[in-house]
Amino acid sequence: MRILVTGGAGYIGSHCVRALDQAGHQVVVLDNLVYGHAEIIEQVLGVPLVVGQVGDREVLEAILRGRHPNLIGTAHESKPIEAVLHFAAYAYVGESVSDPAKYYRNNLGDTLCLLEALVASKRPIPIVFSSTCATYGVPQEVPMTEFHPQAPINPYGRSKWMVEHLLKDFSAAYGLPSVIFRYFNAAGADPAGDLGEDHDPETHLIPRVLDVMSGREPYLQIFGDDYPTPDGTCIRDYIHVCDLADAHVLGLERLLRLREREEPIGAPLIYNLGNGTGYSVQQVIETAKSVTGRGLLAHVAKRREGDPAQLVASADKARQELGWRPRYPELSTIIDHAWQWHQRRFQR
Ligand code: UFG
1 MRILVTGGAG YIGSHCVRAL DQAGHQVVVL DNLVYGHAEI IEQVLGVPLV
51 VGQVGDREVL EAILRGRHPN LIGTAHESKP IEAVLHFAAY AYVGESVSDP
101 AKYYRNNLGD TLCLLEALVA SKRPIPIVFS STCATYGVPQ EVPMTEFHPQ
151 APINPYGRSK WMVEHLLKDF SAAYGLPSVI FRYFNAAGAD PAGDLGEDHD
201 PETHLIPRVL DVMSGREPYL QIFGDDYPTP DGTCIRDYIH VCDLADAHVL
251 GLERLLRLRE REEPIGAPLI YNLGNGTGYS VQQVIETAKS VTGRGLLAHV
301 AKRREGDPAQ LVASADKARQ ELGWRPRYPE LSTIIDHAWQ WHQRRFQR
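Take the sequence shown: its position 100, counting from 1, is numbered 100 in our numbering, and each next residue is one higher.
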């Protein structure tokens, strides 16, 4: 199947491009390269890349029909796209508070443009959308199921939550088939060592711990040790990025099976993706020490605004309906794979 991956040059998108490729699909990537890395597409994944905005209707139409100049002379020429995996988004919570327009324009406005293009085609083109546990806001209970109330507390979470509403409305009104995945904390890297996390700036815990352990940063700040958790630091559910990628392939396949059976879909299929086990910041640090054999200088700093004490997923629905089984559920494996990548990418 011919698939457009938006944001395919980014962290999660690039791992999904590989998973799709390994499942026998043909992929085209659309990425504005604001945070993505062209060389990952060109030198590692080897699929066609179009540099552009998801909100550019002309570029979108050209890709959807296989007529974009970058597709001429490739296996995609004049062949229509059959499904879309939509990862392209800005994802810095703090920045979304100081510059919400950037988030609503890119994450919401551009996605509306994409959805319009998908329903303008003769038969609506199915879409798999990257959403987030940030759409839930402050947890009322853990583990959190897909039925947990959604009350996002920052513009980033709200932009994703609004797209979820668009998908529900487009599904009901225009029959647009969709899957929504709500990720918990994506981490790790492809064990092959050639794909991984490389954000600038980097805000995520595991790569920041590894930055300190490898000497790229002098020390780690632990954002708060007075939370109501056993060791006082925040608890998160870390999920291996390759396991996220596997779920996308399974979600897409389920959506297509339902459509082929002409079963009325009517509403997006919605799944949490996490391991269902929470680890505190302290536990992440301790695990990283034993995986890498390195020490780490850490200071307790004040709480980071908007950080809930605990986020842990119930992903039973994805397990039951998609048959999804995380291959790398252990935190030590997730950190080990991240470390392999980190050493290869950043060691000078
Ligand atoms: N943390 C530190 N020091 C750091 C970095 C992080 O103590 O240098 C802590 C954070 O305070 C938090 C935990 O480590 O308690 C995890 O932080 P991350 O930034 O790695 O991840 P978040 O849980 O904040 O973010 C994730 C996703 C976001 C999403 C958010 C929802 O990456 O996209 O969950 O809350 F919006």
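Using N, Cα and C, we set each Cβ at its ideal position, and we do this for glycine too.
Every value quoted in this text rests on a predicted model; they were computed, and no experiment measured them.
Item: Beta-carbon separation (whole angstroms), alanine 9 vs glycine 36, contact threshold 8 Å; Value: 3 Å
Item: Rounded C-alpha distance that separates serine 290 from glycine 193; Value: 20 Å
Item: Glutamine 283 versus tyrosine 238: straight-line alpha-carbon distance, rounded; Value: 12 Å
Item: Bridge partner(s) assigned by DSSP for aspartate 243; Value: Bridge partners of aspartate 243: none, in fact.
Item: Cβ-based burial, histidine 25 [other Cβ within 10 Å; buried from 16]; Value: buried
Item: Buried versus exposed, by CB contacts within 10 Å (16 or more), threonine 111; Value: buried
Item: Where the alpha helix (DSSP H) through valine 142 begins and ends; Value: Per DSSP, valine 142 belongs to no alpha helix (DSSP H) and is neither H nor E.
Item: Cα-Cα separation, lysine 160 to alanine 134; Value: 8 Å
Item: Closer than 7 Å: arginine 350 CB and nearest ligand 1 heavy atom; Value: In this structure the chain extends from 1 to 348, so residue 350 is not present and cannot be described.
Item: Cβ shell of tryptophan 324 (< 7 Å), same chain only, five flanking positions each side left out; Value: Asp246, Ala247, Leu250 and Ala318
Item: Within the stretch 205 to 250, ranges of the beta strand (DSSP E) (whole runs, at least 3 residues); Value: 220 to 223 and 238 to 240
Item: contact_flag[the stretch 201 to 210, the stretch 98 to 110] where n(CB pairs < 8 Å) is 3 or more; Value: no
Item: Leucine 252 vs valine 128 beta-carbon contact at 8 Å; Value: yes
Item: Distance cut-off 7 Å: tyrosine 103 Cβ against heavy atoms of ligand 1; Value: no
Item: Near ligand 1: glutamine 53 beta-carbon under 7 Å from a heavy atom; Value: no
Item: Minimum C-alpha distance to glutamate 330 - residue among Thr277, Asp307 and Arg303; Value: Thr277
Item: Whole-angstrom distance between isoleucine 222 and lysine 302, CA atom to CA atom; Value: 8 Å
Item: Check: threonine 74 C-beta below 7 Å from any heavy atom of ligand 1; Value: no
Item: Glutamate 58 versus arginine 105: straight-line alpha-carbon distance, rounded; Value: 17 Å
Item: Meets three-Cβ-pair contact criterion under 8 Å: the stretch 257 to 275 and the stretch 171 to 189; Value: yes
Item: Sequence-distant residues of the same chain with beta carbon closer than 8 Å to proline 152, five excluded per side; Value: Ala134, Thr135, Tyr136, Gly137, Arg158, Lys160 and Trp161
Item: Strand pairing of histidine 86, partner residues [DSSP]; Value: Thr6 and Phe129
Item: Phenylalanine 87 beta carbon less than 8 Å from that of glycine 7; Value: yes
Item: C-alpha gap between glycine 306 and leucine 166, whole angstroms; Value: 25 Å
Item: Inter-residue Cα distance where the pair is lysine 79 and proline 124; Value: 16 Å
Item: Where serine 332 falls, given that 16 or more other Cβ within 10 Å makes a residue buried; Value: exposed
Item: heavy atom of ligand 1 below 7 Å from phenylalanine 223 C-beta; Value: yes
Item: Range of the contiguous beta strand (DSSP E) that encloses serine 178; Value: 178 to 183
Item: Length of the line joining the Cα atoms of glycine 13 and valine 5; Value: 7 Å
Item: Per-residue burial, leucine 297 [other beta carbons within 10 Å of its own, 16 or more giving buried]; Value: exposed
Item: Bridge partners - tyrosine 279, DSSP secondary structure assignment; Value: Arg236
Item: Cβ neighbour criterion (16 or more within 10 Å) applied to aspartate 231; Value: exposed
Item: Within 8 Å, strictly: CB atoms of threonine 203 and tyrosine 92; Value: yes
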